[in-house]
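I have placed the structure first, in the form of structure tokens, so that the comments after it can refer back to it.
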Amino acid sequence: MQFLHISDTHLGSRRYNKESREKDVYDAFSQLMESAVREHVKGVIHTGDLFDVYKPGNRALKFFIDKVKLLRDKGIEFINIPGDHDTPKIKEELYPQRLLWESLGLIKVLMGDQDPKFYEMVEDGLSLRIYGVRHMNTSLKDKLIFTLNSLKPEGDRNVLMIHQGIRDILPYQGAWQLEIGSLPKDFQYYACGHIHTRVIQDLPGGGKLVISGSPEIIREDEIEGWKKYGKGGFLIDLSKKEPTVQSINVDVRPQEVITLNVNDIDNELVKLRQSYSGLKKEPILHIVLEGDSIKRDYAMKKISKSLSGLVDFYRIYKDNTVSVGSNQVKVDERSTITDLIRSYLKSQSYSDSEVELILDAIDKYDSDEAESILRKFAEMGR
42 MQFLHISDTH LGSRRYNKES REKDVYDAFS QLMESAVREH VKGVIHTGDL
92 FDVYKPGNRA LKFFIDKVKL LRDKGIEFIN IPGDHDTPKI KEELYPQRLL
142 WESLGLIKVL MGDQDPKFYE MVEDGLSLRI YGVRHMNTSL KDKLIFTLNS
192 LKPEGDRNVL MIHQGIRDIL PYQGAWQLEI GSLPKDFQYY ACGHIHTRVI
242 QDLPGGGKLV ISGSPEIIRE DEIEGWKKYG KGGFLIDLSK KEPTVQSINV
292 DVRPQEVITL NVNDIDNELV KLRQSYSGLK KEPILHIVLE GDSIKRDYAM
342 KKISKSLSGL VDFYRIYKDN TVSVGSNQVK VDERSTITDL IRSYLKSQSY
392 SDSEVELILD AIDKYDSDEA ESILRKFAEM GR
């Protein structure tokens, strides 16, 4: 008895207001749906944040409807709980899932505090009951615990779907609503959403807690987890009491946080182009700048020119450049103006040959040679 566990697909997300990023989200979802059909799963369980917002655009809705119809044609159920992103912010508004469920009959939705409490699938004489609880924010923590404890796992195999911050994994004030010790007992598989990096954990009382993560890199803080664990979903087999969990990875656009030193920007960019040329998908780079802030503007122009055609998108993630106070020029009372200029230029990392050219240009600023000297300086890359 197999099913596919996915989560946090954020359909309609348009990160950096780029159409390519919206298409990346759709592409990852499409790959997962193809896997569901290929693996002949009984159902797809989605643990929240199906859409990026609770009022998804027409493109996101049409895309999902078209994909889920393909599943229905193959006899594959799609079961979902609402996450925080697709929970209405106005009390009277409807969950987008209710339109797909009650009006169109395309998916099944579990809320936890409303009927139905579970969906049941039967295969080879075994009953699989899938329970789920919608996302509840921190102010509803007590209601969340009460709702979870009201669920009675009475199938041969039992799955619980939740979309919450878990203290043992997100131990930050205001980030969690639930502790592992508060989970109800006797479920074989605890399917979790909300956290975007994959986690598989055996629970002390039995069962597996599995966080599917987002199938696309939505934020830069997910890059490290993507490198370690990949992105996609999990193929779950509950033929036996102990579930087996297999990663289903999808091909995503690579992203990287990189550091560039503006003091040596030309060499840095040569190495960067060598590292990211020829990739199947143009990457997204989150750039940390360091070095002397006086050279930042020059570096920004070089970065823009060098990365054009190489990356899908880049941004300055952090600017750690500083004014180099330690490079103050020491003034000797016997120093000449030329000595002071030479000392300053060296403090700004100009080479000896560059310094001499600049001094020569200053010395001959009103002569015909000045233009020739400045041309030589420009040819040196300054």
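In the working numbering, the protein residues as written are 42 to 423.
Here a beta-carbon is modelled for each residue, glycine too, at the ideal position from N, C-alpha and C.
According to DSSP, what are the bridge partners of residue i?
i, result
"Arg-198", "Leu-169"
"Arg-356", "His-327"
"Val-251", "Ala-232 and Ile-241"
"His-16", "This structure leaves residue 16 out entirely; the chain is present only between 42 and 423."
"Glu-297", "Leu-326"
"His-204", "Gly-234"
Give the range of the alpha helix (DSSP H) segment to which residue i is assigned.
i, result
"Asp-307", "306-317"
"Tyr-231", "No alpha helix (DSSP H) holds Tyr-231; the beta strand (DSSP E) holding it covers 230-234."
"Ile-106", "99-114"
Helix, strand or coil, according to DSSP, for residue i in the structure here?
i, result
"Ser-288", "strand"
"Met-74", "helix"
"Val-85", "strand"
"Ile-148", "coil"
"Gly-222", "helix"
"Tyr-160", "strand"
"Thr-362", "coil"
"Leu-135", "coil"
"Asn-302", "strand"
"Asn-190", "helix"
"Asp-68", "helix"
"Asp-30", "With the chain covering 42 to 423 only, the question about residue 30 has no answer from this structure."
"Leu-52", "strand"
What first and last residue would you give for the beta strand (DSSP E) that runs through residue i?
i, result
"Glu-263", "Element bounds for Glu-263: n/a, residue is neither H nor E."
"Ile-120", "118-121"
With 16 other CB atoms within 10 Å as the buried threshold, where does residue i fall?
i, result
"Ser-54", "buried"
"Asp-49", "buried"
"Pro-157", "exposed"
"His-81", "exposed"
"Ile-295", "It is worth fixing the name first, because residue 295 is Pro in this sequence and not Ile. Burial call: buried."
"Phe-92", "buried"
"Leu-219", "buried"
"Gly-274", "buried"
"Val-363", "exposed"
"Tyr-213", "exposed"
"Ile-344", "buried"
"Thr-377", "exposed"
"Gly-247", "exposed"
Within the 8 Å Cβ cut-off, does residue i reach chain B?
i, result
"Arg-170", "Looking at the structure shown, chain B is missing, and only one protein chain is on hand."
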